[in-house]
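The opening position of the sequence shown corresponds to residue -2 in this note's numbering, with each subsequent residue numbered one higher. All C-beta atoms in this analysis are idealised placements derived from N, C-alpha and C, irrespective of residue type, glycine included.
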Amino acid sequence: MKNFIETIKKKDKKITNFFEKKELGKLEKMYAELEEEHQEIRENLKEVNYLLDLIEKHQVEATEQPDKKIKDRNNWLEKIKSTIEKIHVSTTENLSSDDIEFVQKEKSKLLFEKSQLEKEHHHIHQLLAKIDIYMMDARNTVCKEITKGYDIADVGEKLLEHFGNQLNEETDYDSGRKKIMKFLESLFSINKIKARELVDLLEKSSVIYYKTDYSNVITIPDYDDFIEFTSLNYTPLFGTWYINA
């Protein structure tokens, strides 16, 4: 756990440094990396709790807990899962001494890993919350620079006044974006490059979002038929742009 805490401290320092320098791209990249790490921790924790739940059937006491975490959790969990599931469907009376010894040892490891994972989950969650606040602040700074004073919420209100809570007609993703960009170009007297940057900020901040309509996708090609697959014509999917201001 000590190494993990040291890693968290370093990441926290980086986050603060990126924020102070207004390096939005680096904040977003770190957020994505931490989200991936957070998801893996959640999945591991779910698996650990599942296996502990299976073990409880036999009411076997754990041996003394280990003092260090498993190096490769995914591999370890995968290796012990099938054995624990087999033991679970057996009656306690039918368990061999080897089975009981296995359950005792693995239960101690699972309890230890559960504690470690819960702590890791908490610390990563805190970092994600911190980056989220910093990203919103950094995005607002960029937004004000582009629009000469308007923050993201202000721009969202302008879109809402002009379009309502959604673009009227269904459109493909790019066409809808261009329509929003064109309005922002005119509203703030900015070029296409800045308009695109502004739309990116709005989309990443969930002020605008696109929902694809899959209702008309009724045919699925035979991907094993090479001729059919290669002769497919690209048909853009349509959907709706929504304004969440």
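- The beta carbons of residue 209 and residue 234 sit closer together than 7 Å.
- By the CB criterion at 7 Å, residue 57 and residue 97 fall inside the cutoff.
- Only residues of its own chain outside the window of five on either side were considered, and among them 15 have a CB closer than 6 Å to the CB of residue 23, listed in chain order.
- Here DSSP, grouped into helix, strand and coil, assigns residue 240 to strand.
- When DSSP states are grouped into helix, strand and coil, residue 123 belongs to the helix group.
- Rounded to the nearest angstrom, the gap between the Cα atoms of residue 174 and residue 1 is 42 Å.
- Residue 203 sits away from residue 162, with the two beta carbons spaced by 7 Å or more.
- By alpha-carbon distance to residue 59, the top candidate from 236, 157, 103 is 103.
- Residue 114 is positioned such that its CB atom lies no closer than 7 Å to that of residue 31.
- In its chain, beyond the 5 residues on either side, 42, 45, 46, 49 have a beta carbon closer than 8 Å to the beta carbon of residue 111.
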